[in-house]
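Below: the structure, in structure tokens.
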Amino acid sequence: MGFEEYFGNKNTVELLRGMLARNRLPHTVLFSGPSGVGKYTLAQMLAKSQHCLEQENDFCGECRNCRLIGMADDRWAAVERAEQEREKLTKRPREIPLLIQHSPDVLLLPPNGPLRLFQIEQARHLKQALAFQPAAGRKKIFILPEIERMDAAAANSLLKSLEEPPPHSLLLLTTASEAALLPTIRSRCVSFWLSPLPERLVAAFLERKGVGRDAAERRLRAALGKGCPGRALRLDLEHYRQIRDSLLTILQAGLEGKNFAALFAETRKLANEKEGLENLLDVLYSLLQDILHIEAKANGESYRNADRPKLLWQVAHSLGVEGVKRVGALLNSMERNLRRNVPTQISLEAFAAGLAPLHRMSEE
Ligand SMILES: [Zn+2]
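Residue 262 in our numbering sits at position 262 of the sequence shown, and the numbers go up by one each step.
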């Protein structure tokens, strides 16, 4: 156990460890990077390193303190448990700040509620709690994930605390969108950027966690997770496959310029499930990548959607190289639709309608 177990972003981790060793870690640290890249995991590791009973500036993961802090390692599960507890207490849960504390000196203040927002009550609690000395460990640690989910009122009430946190405190903030933060918040933090990992590293992470039936599934998860181990880990593969199959049906029906009944049934199904257009685009891009792979007759790494070889080959064959380029252009216009909030079903049908001429082109 210890920082060595952290996957990826070695330089950032080494930088932080160097700061720890020289007792130069800033009081307000902001981890930024895409969702699932490991920001919260690193914050948890830092918290453990400050309270571990066995190691100095690293952690064993086994001692009492490491285990207590580790109870919130799975943030989603910890938040769900805390929300359930809160609902038992009151009919108006929003008025009680959600605070998760397994160890006396480490407090997690996550966004919560149906809209997953940070509450002003949490900011108020944080301000009060900052005044207290740590109970046992070296530092009193506050972990605030996804601070882009904090509204202006909560953010403003925290400004002073962020600027002059007491010397015994350590605030660990994370965000997937540094640009969405108030400049006054950004300027009060020292930020560390965590980049997405190479797919083979994400696959190795999944193997370590015992996730995925085989190497092919881990490769698919890694590819769909876009270099973010947490995303690859939490991915609902069954759901992905359902969407993927719907989109393959749309692709095929659109290309053949017939079987419109099946096509509309699938677009309606996807629209009714309220599947976000952004997510659908991701899946379409993953299909397009496979089709390119087939077109290029590439050897070596097998493709992502290896469980649908026949359909993929059919689509690739109908499209040809020119067709694939046109599909790329159609996806670009879908992205524009996404920014303009065009309804999913309309956007998908426009995409399918744009496919039919491509099929004829390949037959000429
Ligand atoms: Zn320990």
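Backbone N, C-alpha and C define an ideal beta-carbon position, used for all residues, glycine too.
Residue pairing from DSSP places Ser191 in a beta bridge opposite Leu30. The closest heavy atom of ligand 1 lies 7 Å or more from the beta carbon of Leu46. Residues Ser246 of the same chain have their beta carbon placed closer than 7 Å to that of Lys269, with the five preceding and five following residues left out of the count. When C-alpha distances from Leu99 are compared across Asn112, Arg326 and Thr90, the shortest belongs to Asn112. For Gln289, no beta strand (DSSP E) encloses it; the enclosing alpha helix (DSSP H) starts and ends at Leu277 to Glu295. The three-state secondary structure of Leu98, taken from DSSP, is coil. Set against 7 Å, the gap from the CB of Gln55 to the closest heavy atom of ligand 1 is smaller.
A residue is called buried once 16 or more other Cβ atoms fall within 10 Å of its Cβ, and Lys91, having fewer, is exposed. Residue side-chain check: Glu62 places its Cβ nearer than 7 Å to a non-hydrogen atom of ligand 1. Proximity of the stretch 27-46 to the stretch 180-190 meets the contact definition, three or more beta-carbon pairs being nearer than 8 Å. Its Cα nearest to that of Glu146, the residue Thr174 stands out among Thr174, Lys127 and Gly2.
Judged by DSSP in its simplified three-state form, Val324 adopts helix.
The way I'd put it, the stretch 255-273 doesn't touch the stretch 201-215; fewer than three beta-carbon pairs between them come closer than 8 Å.
Judged by their CB atoms, Leu159 and Leu171 are not nearer to each other than the 8 Å cut-off.
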